[in-house]
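Taking my numbering, the leading residue of the sequence shown gets 2, the next gets one more, and so forth.
We put the CB at the ideal spot given by N, CA and C, even for glycine.
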Amino acid sequence: MTIQGQHPYAWNLTIEDGLPSSEVYDLYQDTKGYIWIGTNKGLCKYNGNKFFYYQNSEELSEAVSGIQEDSMGRIWVQNFKDQIFYVENDSLHYFEIPSKITVKDFLVGTTGEIWVTDKKQDSLYCYKQDGRWKSWRVFAADTTLDNGSKGIVSIIEGANNIIYLTSNYGLFKCEDDKVHFITNKNFARSYANSRKILPVYLFKDNENSLFFLQSEKGNAYQISQLIGEDQVGIVWNSFRSDFYDARNHTLRVDNENTIWQLTLDAGLGPIFNSSATSKADSTLLLFPNEGISDFVIDREGNYWISSLSRGVHIIPSLQIYQYTTQNSILEYDGVGKIEKKDDETIFIETGKEKIVSLNVKENVIENEIIIPKGSCNQLHWSRGMLLVNGNIYQEIHVPSAIPSKKYEFTPLVIAMRNSFFYKKNNIVNLTAIGSAISSLSPNIGSRKLDEDLFSYIKTQEVANFDVIKYNKLLTKLSSFCGIPDAVNNRILIARDDSLMCYTEGSHPFAILDVEGNAIRGIYMERDQKKGIIWVCTINSGIYGLNKDLKIQYHFSSKDNLISNKIKKLKIDGEHLWLLSNQGIQRFTPKNEESRIYTVADGIPTHDIQDIAVVGDHVWLSTAKGLVSFDKKLPSQNLVPPSIYLKRIAIHDKDTALASHYHLNYKQNSLTIYLEGISYKSRGNFKYTYRMLGIDSSWISQPSTINVMRFPQLNPGNYLFQVKAINEDGIASNRTIDVQFVIDKPYWQIWWVQGLFGLSIVLVIVAIVLTRFRNKQREEQQQNKMNLLQMQALQSQMNPHFIFNILTAVQNLWLQHKNELAMDLQSNFAKLLRKIFQYSSKNVISMDQIKDFLENYLNLEQIRFENQVQIDFKIEEDLLDGYFIPPLLIQPIIENSFKHGLFHKPTDKQLKISIQKEGAYVYCCVEDNGIGRPAKTDMENVKRSSGLKTTQKRLLILQQDVLKVPHPYNNLKITDLKTVDGSSRGTRVEFWIPFITSDL
């Protein structure tokens, strides 16, 4: 029994996907890569993601066909009311034809002419590029023919731009602006009327060879070829058996020059190959019982087949076959487990309690095995036995035995996850509650195990439906899979927690990765030739263990693995076939070479349950049927995707497309719309772009987002670059470059900024100068006021000082101290001359201050009869180039004499220290007099108008010279105390801002 005809996997475009109608008449791929589709509901264009529709108010019929393209990239179509339209600038335009022409067919010539044939008369018309029409009569004087109805049958352009056409008279050509009859010999005649030539339809292969198709249902079928300039030779004159009773519609030629027959009710299939280097697969039949209108192979190798009732079928590869309920014995599309028997045979769980043995070479079912109800969890072929694990059963079949044998076991609690044979007569069963080894007998586990087998584990006895079963429990932990290693007397089991090795002679141990972490396996397979045990894991890729159970290989997604979760693998020589949720991968460990097969390559779905490698094919059980493909099938799509710039909007307003834009500063928000084409991935590619001037790094986004926005760009030069990258990382042949220059606003232009800046500078300079002059005037006025105030205070100090000296002289005369009075009066005269000398000056030098103070101290010594011990010190540096106002220090010294030392009877001491301290002349006058009485500060100040006046002068000088106040307001008075609190004198400190030159 055969499994029926295999059929390549195809996916469909239907009304649900946006196709206007399921009745499709014509297909065409233009030079840009778009697929144009003519339907009974109008013309549409498809880019892999989206449909675009075209209509015109002049249309008398929506149904269109005959899609062609001219040298300008315009698309031409004809509707079923004999109107011709063309698409230009993405709009459908009506092409007006003279009313005398009843259009049969039309042809767009490569040199730009539009050729039209008439259905009612034997006439040919041509619309020239200069807008003129030209016509010819197509007639052959052959009276032997019963020409019947008039009209041109077919038209085509051949080599050297020669137009060929056929009518009921035979073959003609239009060359050198004339129509020539060629021949009507060797054309097939009607079975009912030998004087009548069957309609002749023209087509050509990829080498521009001209062919003719004539067909009469059930009677005649002939394909002939133009040989030379005027000879017709028959190349095929028999029906393909599948199409004998079919309504043969037309022929199409594929990329390898294979001639395909399209029928209106029996699908399509190859007939023969016009090239001597290739052969056609005459057994291939696609979409039987379906009406096929057209056939196109796109640039990526996808087969587009238009149906008259089911939309458009797309076959990614003719080498990927799909077995479903519609074309095979499968009872469900969701195929269960599969298992390789040998290089020609595979076991398939077909559903409905049945497993079949399929000879893949002969496509014949060799055997059927009936199994209990319930899903099948595992098929395992070993030692000529097929182990079948289900939810509620376990069976082992020996198909070759006569009569056939069957071992059975009914689990009591839970389904078997995985089982395998160990040594000669044992079986290991793995479940969610542990793993156990039992004897292999017709009633599995009914025979006792050898006690030497895993001797450290006790044998268990379990009642199973009145039968005692024996096993040894290897582990109580949930187990996924295992593998025997009988040569080394051990078993490997992948438990939930880790990969374990159970040896017969010692206790089990864990197999860890190089970092000491547990390996969580879900499937294992042994390479019998190399001795490597491959372990698939939950999330760590795959491991390869050597004979010593050491990790020899570890591959993950970092090593080009399709996924870190590999559900299953099969060993095929140097290659590993890996099953994941992302597709199928052929991986070569020695060089990490990889091939990945996904939906984009023609796999119907990623919902794959099982995998087997049988002969030269890979077999998959999927949710959409049984799938097989050649192991050598290429997986990488090397065809670059196409990419086009569709629109550019400035502030959301479309502008004409260009490669360079010069914009003003207000036109700084850009929106760029793209369109890419990639059918292999069903539009699942990505755009990679950047805007130089903002960032040099590339940004990627999926093809479903074809808009790039750049709002509020700063003035400057920008270069937008974008390319499309397909599912296999192949970039488009060209990178779209668009340059944008955004001008600065007028106020940012350099010369405008210069003028503006200069204006600001001039204004600032004017303001600064005005303020400086005002400040200068204010300071001059303030200085004049300060000077007048200082002079006023100074004028107060001069008579005050003179009054004090004269009072002292008077006191001495009254005390009859005549000599002292005379000395004081003489020294006073000298001092008075200096006072008069300095009274007109604002400042005097520190050297003059020193002489003045020494004269004054001599006066006071005479006055006090040399009873005061005076210590007068002045820093030498101050004597060179430093100036202060006169009569600032003397009043403070006078206060010490008058209020401190005058009332002290003995041991009178006075210390005077003048030195430089920062920006000041620091003066310290300290006496050991009676101190100040315990009165308020205000009363103490009133005791000496000289001290008060001195402090005012100091404050004015501080503000005038340094502009900031002094922490002690330039004067500090300290009452000196003994240990017991009694007064021991007064210290007066004051700071005079020094002046480095004579004002």
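Exercise. Could you check what DSSP says for K135 in three-state terms: helix, strand or coil?
Key: strand
Practice problem: Quick one: residues in its chain with C-beta nearer than 8 Å to the C-beta of E301, no 5 flanking neighbours on either side, listed in chain order? | Solution: N638, V640, S679, Y680 and K681
Practice problem: State the start and end residues of the unbroken alpha helix (DSSP H) segment that holds E1088. | Solution: In the structure displayed, the chain extends from 2 to 1000; residue 1088 sits before or after that span and is not available.
Quiz prompt | Same chain only: Cβ atoms within 6 Å of D31, ignoring 5 sequence neighbours per side | solution = E70.
Practice problem: Could you have a look at A601 and say whether DSSP puts it in helix, strand or coil? | Solution: If DSSP states are grouped into helix, strand and coil, A601 belongs with the helices.
Self-check item: Other residues of its chain near L956: CB distance less than 7 Å, five sequence neighbours each side excluded
Solution: N970 and N971
Practice problem: Using three-state DSSP, classify Q130 as helix, strand or coil. | Solution: Of the three classes helix, strand and coil, the one that applies to Q130 here is coil, per DSSP.
Practice problem: Could you check what DSSP says for V942 in three-state terms: helix, strand or coil? | Solution: Since pLDDT at V942 reaches only 43, below the 50 mark, its modelled position is unreliable, and the value read off the structure follows with that caveat. Note: V942 maps to helix in three-state DSSP.
Quiz item: For G506, does the count of other Cβ atoms within 10 angstroms reach 16, so buried, or fall short, so exposed?
Solution: exposed
Quiz prompt | Every unbroken beta strand (DSSP E) within the region 535 to 593, with a cutoff of 3 residues, ordered by chain | solution = 543 to 546, 552 to 556, 569 to 573, 576 to 581 and 584 to 589
Exercise. Between the Cα of S636 and those of I260, S318, W237 and R75, spot the shortest distance and give me the residue it belongs to.
Key: S318
Quiz prompt | Closest residue to F1 among D266, R253 and L287 (Cα-Cα distance) | solution = Given a span of 2 to 1000 for the chain in the structure shown, any question on residue 1 remains unanswerable.
Quiz item: If you pair each beta-carbon of the region 223 to 232 with each one of the region 285 to 301, do three or more pairs fall below 8 Å?
Solution: No contact exists between the region 223 to 232 and the region 285 to 301.
Practice problem: Take L1000 and list the residues in its own chain whose beta-carbon comes closer than 6 Å to its own, dropping the five residues that flank it on each side. | Solution: Any reading at L1000 must be qualified, since the residue scores a pLDDT of 47, below 50, and its modelled position is unreliable; no value is offered.
Quiz item: For the region 749 to 763 against the region 615 to 634, are there 3 or more C-beta pairs whose distance is under 8 Å?
Solution: no
Self-check item: Where R778 falls, given that 16 or more other Cβ within 10 Å makes a residue buried
Solution: exposed
Exercise. Return the chain-ordered list of same chain residues with a C-beta closer than 7 Å to the C-beta of N444, the five sequence neighbours on each side being excluded.
Key: E409 and V468.
Practice problem: Pull up the CB-CB distance for A519 and P642, whole angstroms please, since I reckon it's below 8 Å. | Solution: Rounded, the Cβ-Cβ distance is 44 Å, inconsistent with contact.
Quiz item: Comparing alpha-carbon positions, which option in L888, R527, T538 and D91 lies nearest H576?
Solution: R527
Quiz item: With a CB to CB cut of under 6 Å and the five nearest residues on each side skipped, what residues in its chain are close to G982?
Solution: none
Quiz item: So what's A650 in DSSP terms, helix, strand or just coil?
Solution: strand
Practice problem: Assuming G152 contacts K120 (C-beta within less than 8 Å), just tell me the rounded distance between them. | Solution: 5 Å
Practice problem: Could you tell me the distance, in whole angstroms, from the CA atom of S670 to the CA atom of D18? | Solution: Approximately 34 Å between the Cα atoms of the pair.
Quiz item: Who are the Cβ neighbours of T111 in its own chain at under 7 Å, not counting the five residues just before and after it?
Solution: S72, E158 and N162
Quiz item: Short check: CB of Y54 to CB of G43, under 8 Å?
Solution: yes
Quiz item: Can the beta-carbon of S307 be found less than 8 Å from the beta-carbon of V88?
Solution: no
Quiz item: Which two residues bound the contiguous alpha helix (DSSP H) that contains F853?
Solution: In the DSSP annotation of this structure, the continuous segment of the alpha helix (DSSP H) that includes F853 starts and ends at M847 to R864.
Exercise. Give the DSSP bridge partners of Y1, in chain order.
Key: Past the edges of the chain, shown from 2 to 1000, lies residue 1, and the structure says nothing about it.
Quiz item: With C-beta atoms as the reference, is S168 less than 8 Å away from V154?
Solution: Yes, the pair counts as a contact, with Cβ atoms nearer than the cut-off.
Self-check item: Whole-number beta carbon distance between E60 and Q84, since they are thought to touch under 8 Å
Solution: 7 Å
Quiz prompt | Per-residue DSSP class, three states only, for G19 | solution = Looking at G19 - three-state DSSP - the assignment turns out to be coil, as it is neither helix nor strand.
Exercise. At 3 residues or longer, and completely inside the region 40 to 80: list those beta strand (DSSP E) runs for me, N to C.
Key: 43 to 47, 52 to 55, 65 to 70 and 76 to 80
Quiz item: How is L108 classed by DSSP in three states: helix, strand or coil?
Solution: strand
Self-check item: Cβ neighbours of P21 in the same chain (closer than 6 Å, five flanking residues each side left out)
Solution: Cβ neighbours of P21 beyond the five flanking positions: T40, K42, G43 and C45.
Quiz prompt | Buried versus exposed, by CB contacts within 10 Å (16 or more), N547 | solution = Around the CB of N547, fewer than 16 other CB atoms lie within 10 Å, so the residue is classed as exposed.
Quiz item: Which of helix, strand or coil does DSSP assign to V488?
Solution: In the three-state reduction of the DSSP assignment, V488 falls in the helix class.
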